[in-house]
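Count the sequence shown with my numbering and you get residues 26 to 67, in order.
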Amino acid sequence: MRGTGYTDPQSWRSSRVLLTSFINKVIQADIDIPAVDTAAAQ
Numbered sequence: 026m027r028g029t030g031y032t033d034p035q036s037w038r039s040s041r042v043l044l045t046s047f048i049n050k051v052i053q054a055d056i057d058i059p060a061v062d063t064a065a066a067q
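So this is what it looks like as C-alpha cells:
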C-alpha cells in the first residue's frame, strides 16, 4: 500500500482476481461437500 486514499487500478484488479478465485474455491468446496452443507442447514 503506497498511498492512503489512493486506489491503484492495477492493485484493485489483482485484488478482484484474488477475491474471484477465492469465491470460486468456496463454491467448488460447496459442490465437493454437499453433505456438510446439508447438515449445517439442519
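We treat Cβ as the ideally placed atom computed from N, Cα and C, and that holds for glycine.
Apart from the five residues on each side of it in sequence, which residues of its chain come closer than 8 angstroms, Cβ to Cβ, to residue i?
i	result
S69	What is shown of the chain runs 26 to 67, which leaves residue 69 out entirely.
Leaving out five residues before and five after residue i in sequence, what residues of the same chain have Cβ atoms less than 6 angstroms from its Cβ?
i	result
I56	none
Determine the DSSP secondary structure at residue i, reduced to helix, strand or coil.
i	result
D33	coil
Taking the C-alpha atoms as reference points, what is the distance between residue i and residue j?
i	j	result
A54	L43	16 angstroms
N49	R41	12 angstroms
P34	I52	27 angstroms
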